[in-house]
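What follows is a set of notes on a single structure, which appears directly below.
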Amino acid sequence: MSLSAEDLRHLEPTLLVLLAEFLVVFPGVEDEVVESPESRAQTDRDTAWMEAALAEADLAYARREVPVGCVLVGADGVEIARGYNLRETLLDATAHAEMVALRAAASKAPSWRLDGVTAYVTLEPCIMCAGAFVHARIERVVYGCDDPKGGALQSLYTIGQDARLNHRFAVTRGVLAEACASRLRSFFAELRAMGKK
Ligand SMILES: [Zn+2]
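Following this note's numbering, the numbering of the sequence shown begins with 113 at its first residue and continues without gaps.
So, in structure tokens, the structure goes:
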């Protein structure tokens with residue numbers, strides 16, 4: 113049996129209906145994303161750098177500082193600077209991990225512009241740090257857990273994507289989120305156990 117062009121034209125709508133029914137029954141099929149080798153390599157790099165940021169958070173923890181760490185990585189994949197929260201140590205409200213890392217970068221980088229740089233932070237940055245990333249022309253920010261009370265990249269504000277500002281950066285959230293959040297939970301649980309607030 114052979115089908116003429118005329119037959120195919122009649123057949124086509126029937127096939128479309130079948131396809132539509134298939135997608136209704138298996139709605140996940142069309143959304144399935146196969147991770148490319150490049151994106152897998154990016155995910156692996158993000159995880160490795162977030163572990164480095166977590167190591168910084170642990171240094172803060174050891175000083176009884178809120179455990180947040182940050183690592184700045186250049187476009188060539190080489191670390192530029194790292195830092196951890198030092199607010200209590202320095203008695204400085206601006207000494208967040210990101211600011212400490214940015215200041216360390218300022219003493220090494222050839223320019224205040226950190227073009228192509230990715231910032232890895234264990235906790236969603238606040239408005240100050242998100243603003244500093246805009247000023248520094250950071251290209252991408254990768255963070256661990258959300259900060260529902262102070263986060264400025266997703267939770268309260270979306271400063272990285274604000275078209276009113278003169279620079280925007282890409283944001284990836286949720287990398288090693290549980291490990292980042294558990295540091296904070298145990299830190300505050302210890303504080304409460306010690307009767308402090
Ligand atoms: Zn901050």
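Note that CB positions come from ideal geometry on N, CA and C, so glycine has one too.
Every residue with a CB closer than 6 Å to a heavy atom of ligand 1 is listed here in chain order: 208, 210, 237, 238, 240 and 241. Restricting attention to 218, 185 and 170, the CA atom closest to the CA of residue 197 is found in 170. Taking the C-beta atoms as reference points, residue 268 is found no nearer than 8 Å to residue 226.
In the structure shown, the three-state DSSP call for residue 268 is coil. DSSP links residue 231 through a beta bridge to 184 and 253. Taking all protein chains in view, the Cβ of residue 222 is surrounded by fewer than 16 other Cβ atoms within 10 Å, so the residue is classified as exposed.
Around the beta carbon of residue 203, a 10 Å sphere encloses fewer than 16 other beta carbons of the protein chains shown; the residue is thus reported as exposed.
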